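Numbering (numbering that gives the first Met the number 0), first residue to last: 0 to 229. Read the structure below first, then the notes.
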Amino acid sequence: MKIMFLISFMSSLCFGDKQWDEVLEYTASFGGINVADASLSSKRYINSENKNILKIQFVAKSKPSLKFIFPINDKIIIDVDLNTWEPIKVQKKLRQGKYIQNSLASFRTDEKMFIYKSDTIYYDDKVVNPYSLIYYFRIKDLDSAKNHELQIVDNKKIIPLKFFVDNREKIKTSLGSYFANKIWPQKMDGSSFKNAGKITMWISEKEKLPLLINLKMKFGSLNLELSKTS
């Protein structure tokens, strides 16, 4: 029993190290065509207020040969409080065809408010950023019998969502085949997603890797497939 406990404990430590300090590289496709490269990186640090912060960075850029046909050059940086999973700061620099966005959202979670550009938005319950959801669900016990109700904040909109889990789908990727849990959202009011904001992910059951991520963006759905970890 002691040996099994030690193995389990050491495994959890190794997973924790990899989880919070890693770079995940993806191939990005649109309509089945590989159009861009993307990466999702994370690193933990302690900020000036002694809070345990996870810095997440998402980058997506068109392949050079397709940058005029499918122009995308996105960079999103999120600081998340690991005690509450609420965002502290979200910076966006998006270039998706003719769509351009430069924005900064600063959160004061103790006051339940954030400033987005020149607007001040108040909220009642805690909020979660869409990209931090990928990490949030990696540490959760993903049981199809359990639903997760979360308020998602994107730009200045707050959307209450319910996330569902489909267990043990077999997924084939360039890294191999895995059993994965699919996590997908539904709006609490039953309405459909418009323009952007919907994220669906497949997280490997054993390794807890986000193998596939589907992002609904301004121009359509972008599919990310994990190609490398470091």
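Each residue gets a CB set at the ideal place from its N, CA and C atoms; glycine is no exception. From a predicted model like this one, the values you see are computed outputs, not experimental measurements.
Beta-carbon contacts of residue i that lie in its chain and below 6 Å, excluding the five residues immediately before and after
{"i": "Leu5", "result": "For Leu5, the predicted model reports a pLDDT of 36, less than 50, meaning its position is unreliable; a value from the coordinates is still stated below. Around Leu5: no qualifying Cβ."}
{"i": "Leu81", "result": "Asn51, Leu53"}
{"i": "Asn33", "result": "Thr26"}
{"i": "Lys42", "result": "Asp20, Lys54"}
{"i": "Asp73", "result": "Ala59, Leu93"}
{"i": "Leu39", "result": "Leu23, Phe57"}
{"i": "Ser229", "result": "Val22"}
{"i": "Pro209", "result": "Ile133, Met200, Ile202"}
{"i": "Phe106", "result": "Pro86, Ile87, Phe113"}
{"i": "Arg167", "result": "Phe178"}
Exposure of residue i, with buried meaning 16 or more beta-carbon neighbours within 10 Å
{"i": "Glu110", "result": "exposed"}
{"i": "Ile68", "result": "exposed"}
{"i": "Leu103", "result": "exposed"}
{"i": "Tyr121", "result": "exposed"}
{"i": "Lys156", "result": "exposed"}
{"i": "Asn128", "result": "buried"}
{"i": "Ala144", "result": "exposed"}
{"i": "Lys227", "result": "exposed"}
{"i": "Pro231", "result": "Only positions 0 to 229 of the chain appear in this structure, which leaves residue 231 out of reach."}
{"i": "Pro63", "result": "exposed"}
{"i": "Tyr130", "result": "buried"}
{"i": "Lys97", "result": "exposed"}
Same chain only: Cβ atoms within 7 Å of residue i, ignoring 5 sequence neighbours per side
{"i": "Asp124", "result": "Gln150"}
{"i": "Phe29", "result": "Phe69, Gly219, Leu221"}
{"i": "Thr119", "result": "Met112"}
{"i": "Gly189", "result": "none"}
Span of the beta strand (DSSP E), counted from its first residue to its last, around residue i
{"i": "Leu149", "result": "147–153"}
{"i": "Leu93", "result": "86–95"}
{"i": "Ile133", "result": "Note, Ile133: premise wrong, no beta strand (DSSP E); alpha helix (DSSP H) at 131–135."}
{"i": "Pro184", "result": "175–186"}
{"i": "Phe113", "result": "112–115"}
{"i": "Ser64", "result": "Where Ser64 is concerned, there is no enclosing beta strand (DSSP E), given that its DSSP letter is neither H nor E."}
{"i": "Ile71", "result": "Ile71 -> no beta strand (DSSP E), and no H or E assigned at all."}
{"i": "Asn101", "result": "98–107"}
{"i": "Tyr121", "result": "118–121"}
Supposed contact pair residue j and residue i - C-beta distance, whole angstroms, cut 8 Å
{"i": "Lys86", "j": "Ile77", "result": "The residue asked about is misnamed: residue 86 is Pro in this sequence, not Lys. About 6 Å; that satisfies the 8 Å criterion."}
{"i": "Leu174", "j": "Tyr25", "result": "Not really, about 11 Å apart at Cβ, beyond 8 Å."}
{"i": "Leu71", "j": "Gln95", "result": "Reading off the sequence shown, one finds Ile at residue 71, where the question assumed Leu. 5 Å between Cβ atoms; contact."}
{"i": "Lys161", "j": "Glu148", "result": "5 Å"}
{"i": "Arg137", "j": "Lys207", "result": "5 Å"}
{"i": "Asn154", "j": "Tyr115", "result": "6 Å"}
Run of the alpha helix (DSSP H) containing residue i, from where it starts to where it stops
{"i": "Leu160", "result": "Not the alpha helix (DSSP H): Leu160 falls in the beta strand (DSSP E), residues 156–172."}
Proximal residues to residue i (C-beta, below 8 Å), its chain only, five neighbours per side dropped
{"i": "Leu211", "result": "Ile170, Thr172, Ala179, Met200, Trp201, Asn222, Leu223, Glu224, Leu225"}
{"i": "Lys46", "result": "Residue identity differs from the one stated: residue 46 is Asn in this sequence, not Lys. If we look at Asn46 and ignore the five residues flanking it on each side, its Cβ neighbours are Ile52, Asp78, Ile87."}
{"i": "Thr108", "result": "Asp80, Thr83, Glu85, Ile87, Lys125"}
{"i": "Ser10", "result": "The predicted position of Ser10 is uncertain, since its pLDDT is 37 and thus under 50; a value taken from the coordinates is nonetheless stated next. So no residue of the chain qualifies."}
Beta carbon proximity, residue i to chain B, threshold 8 Å
{"i": "Asn180", "result": "Going by chain labels, chain B is absent from the structure shown, which holds only one protein chain."}
Check: residue i C-beta below 7 Å from any heavy atom of the ligand ZN
{"i": "Tyr130", "result": "As for the ligand ZN, it is missing from this structure, which has no ligand bound."}
| query | Could you give the uninterrupted runs of the beta strand (DSSP E) lying entirely in the region 14–54, keeping only those of 3 residues or more? | reply | Entirely contained in the region 14–54, the beta strand (DSSP E) runs reaching 3 residues are, in chain order, 20–29, 32–45.
| query | What are the uninterrupted segments assigned as beta strand (DSSP E) that are 3 or more residues long and contained completely in the region 202–227, given in chain order? | reply | As far as the region 202–227 is concerned, its whole beta strand (DSSP E) runs of at least 3 residues are 209–216.
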